Amino acid sequence: MKKKNKLKKKISLLLISLEIININNIYKEDNTEKNINKNIKFKQLTHDFKNCYQNQKHSFIETLKNIYIIYKTISINTIDQKAQKLLRNYIKNENDQQVKQYLKKFHYIYFIKTEYYHQYKSLKYLNKININKVAITNLYIISKLNKRIKIFFLIKYLFKYKYI
Numbered sequence: 001m002k003k004k005n006k007l008k009k010k011i012s013l014l015l016i017s018l019e020i021i022n023i024n025n026i027y028k029e030d031n032t033e034k035n036i037n038k039n040i041k042f043k044q045l046t047h048d049f050k051n052c053y054q055n056q057k058h059s060f061i062e063t064l065k066n067i068y069i070i071y072k073t074i075s076i077n078t079i080d081q082k083a084q085k086l087l088r089n090y091i092k093n094e095n096d097q098q099v100k101q102y103l104k105k106f107h108y109i110y111f112i113k114t115e116y117y118h119q120y121k122s123l124k125y126l127n128k129i130n131i132n133k134v135a136i137t138n139l140y141i142i143s144k145l146n147k148r149i150k151i152f153f154l155i156k157y158l159f160k161y162k163y164i
């Protein structure tokens, strides 16, 4: 059960990063039917994810389906390019305005809009996890999903690495 909760948390944090980058893409792209359909699919993904994890009997196969949908969302929406740009800006200057804006949105969505609000004080003051590190790590993961290793890299990250 503990591993399942960590996996759920990692996926939800990854979805927060995707949501932020996707929101930025919506405003910069024209509202063609293709872009609108991409955004509808992404919203459906986040909605399905939240609903399926409320069910305690959520299966491993459903988790893999969600991981695959995340991967497809990243590759279809060219979110990886935006993540790469943010990472380059972060490497050049940690105080870059776009990076600050991304981190600010990540904090807002994580602490205010999601279910983690009740943990705000414990995370903020006890520093159990460094939210900025998680946000930047998610950018790195998203940017690597356009490489050859693709979905294997995502699965390895979700099931192996322990920053949470």
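To convert, note that position 103 of the sequence shown is 103 in the working numbering; the numbers rise steadily by one, no gaps. Glycine included, every Cβ here is placed at the ideal spot set by N, Cα and C. Since this is a predicted model, take the numbers as computed values, not measurements.
Nonlocal neighbours in the same chain, by C-beta distance under 8 Å from residue i, ignoring five residues either side
i    : result
I142 : L14, S17, L18, I21, I74, I79, D80, A83
Y110 : L13, I16, Y116, I131
I23  : K105
L7   : T63, L158, F159
Y67  : Before going on, a small fix: residue 67 reads as Ile here, not Tyr. The residues are I11, I151, L154, I155, L158.
Other residues of its chain near residue i: CB distance less than 7 Å, five sequence neighbours each side excluded
i    : result
K144 : F153
Y71  : L145, K150, I151, L154
Short CB-CB distance (under 8 Å) between residue i and chain B
i   : result
Y68 : In summary, chain B is missing from the structure at hand, where a single protein chain is found.
CB of residue i within 8 Å of CB of residue j, strictly
i    : j   : result
Y102 : L86 : yes
Cβ-based neighbour list, residue i, same chain, cut-off 6 Å, excluding 5 preceding and 5 following
i   : result
D96 : N89
L64 : none
Proximity winner among the options, relative to residue i (alpha-carbon distances)
i    : options       : result
A135 : V99, Y68, I67 : V99
Curious, which full-length alpha helix (DSSP H) runs of at least 4 residues does the segment 53-111 contain? Within the segment 53-111, the complete alpha helix (DSSP H) runs of at least 4 residues are 60-76, 79-92, 97-108.
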